[in-house]
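Novice: With the numbering used here, the residue at position 37 of the sequence shown is 107, and numbering never jumps. From the three backbone atoms N, C-alpha and C, an ideal C-beta is built for every residue, glycine too.
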Amino acid sequence: MKALYILVLSVVLFSCKNQVKMDAQATKEETIDSMKVAIEKQKVIDSMQVEMAKVESQKEVVVVNQPATSSASTTSTTTTTTQKKGWSSTAKGAVIGAGVGAATGAIISKKKVQGAIIGGIAGAGVGAGTGAIIDGSKK
Numbered sequence: 071m072k073a074l075y076i077l078v079l080s081v082v083l084f085s086c087k088n089q090v091k092m093d094a095q096a097t098k099e100e101t102i103d104s105m106k107v108a109i110e111k112q113k114v115i116d117s118m119q120v121e122m123a124k125v126e127s128q129k130e131v132v133v134v135n136q137p138a139t140s141s142a143s144t145t146s147t148t149t150t151t152t153q154k155k156g157w158s159s160t161a162k163g164a165v166i167g168a169g170v171g172a173a174t175g176a177i178i179s180k181k182k183v184q185g186a187i188i189g190g191i192a193g194a195g196v197g198a199g200t201g202a203i204i205d206g207s208k209k
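Listed below in structure tokens is the structure:
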């Protein structure tokens, strides 16, 4: 009988040690995975900063004026780069409103697709109206 107790006790002890080793390995793998995710996020942020720097450098306007060399003719040279126009507040409001409305409609409605469509249309209308008000106040 004592041999049976010793056998059961030794099996329990060895299995617990193996469980601890497996838990430690799983923890290490989770840590490595989370570090990989953080590195990928940083790469995305870095690439976005590079693109924003490119956009900012394109927005620079260069104006060169040359003084007249003779009194009879006056010449001036102007070099400008065209700027890309951003979205108007109306367009931004419509897009944001459509997204929020669609998400809200899908969450609230029992018929998810129909709720998303109706919510998206209503949200786009409200967002465009709000954006138009903001555009009007800017002018």
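Measuring alpha carbon to alpha carbon, tell me which residue in S158, S117 and M105 is nearest K209.
Specialist: Here the closest residue by C-alpha is S158.
Novice: Can you look up S159 in the DSSP assignment and give me helix, strand or coil?
Specialist: Of the three classes helix, strand and coil, the one that applies to S159 here is helix, per DSSP.
Novice: Got a sec? Which residues, its chain only, sit under 7 Å from A192 by beta carbon, not counting five neighbours each side?
Specialist: G171.
Novice: How many angstroms separate the CA atom of A142 from the CA atom of S127?
Specialist: Residue placement at A142 cannot be trusted, given a pLDDT of 49 that sits under 50; what the coordinates show is reported in the next sentence. Going from the Cα of A142 to the Cα of S127 covers about 38 Å.
Novice: For A161 versus G201, is the C-beta spacing smaller than 9 Å?
Specialist: Yes, these two residues count as a Cβ contact at 9 Å.
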